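Shown next, in C-alpha cells, is the structure this report addresses.
Number of protein chains: 2
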Amino acid sequence: MLSKKTKYGLKALSYLGVQKEKKPVQISEIAEQENISQKFLESILLSLRKTGFLGSKKGKGGGYYLLKKPEDILMTDVMRVLEGPISMVPCVSLNFYETCEDCPNEGECAVHKLMLKVRDANLAVYRNNTLADLLK
Amino acid sequence: MLSKKTKYGLKALSYLGVQKEKKPVQISEIAEQENISQKFLESILLSLRKTGFLGSKKGKGGGYYLLKKPEDILMTDVMRVLEGPISMVPCVSLNFYETCEDCPNEGECAVHKLMLKVRDANLAVYRNNTLADLLK
DNA sequence: TTGTTATCCTATCAAATTAGTAGGGTATTA
DNA sequence: TAATACCCTACTAATTTGATAGGATAACAA
C-alpha cells in the first residue's frame, strides 16, 4: 500500500504545481483544500524542503513553493524521498542494495527473479513521469 | 517493501515446483532448506492450501504438494493471496475498488493518475510470469 | 488398537512501522 | 514589537507484521 505520507506529499506537490502566481502557499491552505491533517502535512513539506523539492519563506505572507518547474520534477526522485526505495527487496535495489543473508544463491532465487522485473517495470513508470504529467 | 509472508510463500512454492518426485514435502524440510521459521511457514502454507494452490496430506509421509503445474500458476494470483491487492491505492484497484472519501475528483487526482500507471505496469509483470518462469 | 507422525487451527504476543499530536522556537514582515 | 507562519523535537496511539504456543485432528504402521 501507498503510505499516507506519499499520498499527501504528491497531493501537496500537485497543489503547488498548479499555482498560477509565484507567491508561497501556506501549509494551512494546502491542508484544508486537500483534506490533510495540518501537522502531519507540515512534517512532510519539511522533508520535501530538506530534499530540495520545495523552498519556503517564513513570517507573514510566507509558505512553500516549488523550486523547479513541474516538468523537471521526476517521479523517481519524489517516490524515493517520500516512499523509500523503489525496489521491493534490497537485493534488487539500485541505490540501497543489500544481499539477503538467508538466500544462498541470488541468481537462482525466485523472489529475486520476480522482483527484478517488478523493479524495472516500476522504474520505467517513475522515470517516464514528471510532476507536470500528473497535472494534465 | 515485500512482506516476509510473500517472500517465504514464493520460496516455498518454488521449492515445491522443482521437486522431481510427486510425493508430499514436509514443512520442516522446506523451513530448514529455505531458512524460514517453521511455525510461520506453517501458517503461510495453510493459506496457500485454502486458496487452492497447494494440496496436503496428513500423517507419516504427509506434507504439501502443488495442485497445478508451475506453468499454470500465475503470479497475479499468487501475489493477490500472499501480498494482497496489486494496486497501491484502492481507487485504482480492479478487485478491491473503493473511492477515496478525501478526494473530490478522481479524474484530476495526481495520485490516482500515477498509481494507475503503476498498477498497469505491475499487472503486466505478474500476468506474464508463472511459477515456471521463476524456476528457470 | 495404539503410538507416531505431520498437518490443522486458534489464540496470543512482541517488535516495528505508520499516522497523527503537542508544544514551543525562530525568522520575517507589517 | 506584535503577529504570522515555518522550524524542530519529542511523544503517543493505532495498525501491521513476524513469530510463538499449544493442543486438536487425521493418517499411517507396528
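From first to last, the protein sequence lines stand for chains X and B. Numbering-wise (our numbering), the first sequence opens with residue 17 and increments by one. Numbering-wise (our numbering), the second sequence opens with residue 17 and increments by one. Every residue, glycine too, gets a C-beta built ideally from N, C-alpha and C. Quick caveat: nothing in here was measured; it's all calculated off a predicted structure.
Interface flag, residue i vs chain X, CB-CB below 8 Å
| i | result |
| --- | --- |
| SER109 of chain B | no |
| ASP118 of chain B | yes |
| SER63 of chain B | no |
| VAL97 of chain B | no |
| LEU83 of chain B | no |
| LEU150 of chain B | yes |
Helix, strand or coil at residue i [DSSP, three-state]
| i | result |
| --- | --- |
| VAL141 of chain X | helix |
| VAL94 of chain X | helix |
| VAL105 of chain B | coil |
| VAL34 of chain B | coil |
| THR22 of chain X | helix |
| ILE46 of chain B | helix |
| LEU151 of chain X | helix |
| GLU124 of chain X | helix |
| MET131 of chain X | helix |
| LYS85 of chain B | coil |
| ILE60 of chain X | helix |
| LEU110 of chain X | coil |
| ASP118 of chain X | coil |
Residue i - partner residues in DSSP beta bridges
| i | result |
| --- | --- |
| GLY79 of chain X | X:LYS73 |
| THR14 of chain X | This structure cannot speak to residue 14 of chain X, because chain X is shown only from 17 to 152. |
| VAL41 of chain B | B:TYR80 |
Nearest neighbour of residue i, chosen from the options [CA to CA]
| i | options | result |
| --- | --- | --- |
| CYS119 of chain X | B:LEU18, B:MET17, B:LYS27 | B:LYS27 |
| MET17 of chain X | B:ARG143, B:LYS152, B:MET131 | B:MET131 |
| GLU122 of chain X | B:LEU150, B:LYS38, B:LYS55 | B:LEU150 |
| PHE69 of chain X | X:LEU83, X:CYS116, X:GLY77, X:LEU57 | X:LEU83 |
| LYS21 of chain B | B:GLU99, B:LYS76, B:VAL105 | B:GLU99 |
| VAL105 of chain X | X:ASN144, X:VAL34, X:CYS125 | X:CYS125 |
| ASN51 of chain X | X:ARG65, X:ASP88, X:LYS23, X:GLY77 | X:LYS23 |
| TYR80 of chain X | X:ALA140, X:SER59, X:THR146, X:ASN111 | X:SER59 |
| CYS107 of chain B | B:VAL97, B:VAL134, B:VAL94, B:ILE89 | B:VAL134 |
| GLY75 of chain X | X:THR115, X:GLU87, X:ILE43, X:LYS129 | X:ILE43 |
| ASP136 of chain B | B:VAL41, B:SER63, B:LEU110 | B:LEU110 |
| PHE56 of chain X | X:GLY78, X:SER19, X:ILE89 | X:SER19 |
| ARG96 of chain B | B:LYS36, B:LEU64, B:GLN35 | B:LEU64 |
| GLY77 of chain B | B:LEU90, B:PHE112, B:LYS38 | B:LYS38 |
| ILE46 of chain X | X:ASN138, X:GLY25, X:TYR113 | X:GLY25 |
| SER72 of chain X | X:PRO40, X:ASN145, X:LEU29 | X:PRO40 |
| MET91 of chain X | X:ALA140, X:LYS129, X:HIS128 | X:ALA140 |
| LEU61 of chain B | B:ASP88, B:ALA148, B:SER30, B:THR146 | B:SER30 |
Residue i at chain B interface by Cβ criterion, 8 Å
| i | result |
| --- | --- |
| LYS55 of chain X | no |
| LEU18 of chain X | yes |
| LYS129 of chain X | yes |
*Going along the region 37-51 of chain X in order, which residues come within less than 8 Å of chain B, judged by CB to CB distance?*
GLU50, ASN51
*Pull out every residue of the region 134-147 of chain B whose Cβ sits closer than 7 Å to any Cβ of chain X, in chain order.*
Cβ contacts with chain X: VAL134, ALA137, ASN138, ALA140, VAL141, ASN145.
*If you measure beta-carbon to beta-carbon, which residues of the region 20-36 of chain B are closer than 7 Å to chain X?*
LYS23, LEU26, LYS27, SER30
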